[in-house]
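Chemist: Residue numbers (our numbering): 108 to 167.
For glycine and all other residues, C-beta sits at the position ideal for the given N, C-alpha and C.
1) Residues in the same chain with beta-carbon distance under 7 Å from residue 115, minus the five sequence neighbours each way, listed in chain order, please.
2) Got a sec? Which residues, its chain only, sit under 6 Å from residue 130 by beta carbon, not counting five neighbours each side?
3) Measuring straight from C-alpha to C-alpha, what distance separates residue 167 and residue 121?
4) What did DSSP end up calling residue 150 once you bin it into helix, strand or coil?
Structure (structure tokens):
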């Protein structure tokens, strides 16, 4: 989940005759716009994660 990049990341897993095949994808998007939206809703934690690709541990 934490990739250190603001890109949207996912994996495709396909079962084939010879076994499983996994393909990783990274898709750029307007991370600043998404972060600005999160900040408008007082979700600074999400805004930071959307911009950087890293979540910080919550306090406590």
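Modeler: According to the data block:
1) 134 and 136
2) 119
3) Model confidence at residue 167 stands at a pLDDT of 40, short of 50, so the residue's coordinates are unreliable and nothing is read from them.
4) coil
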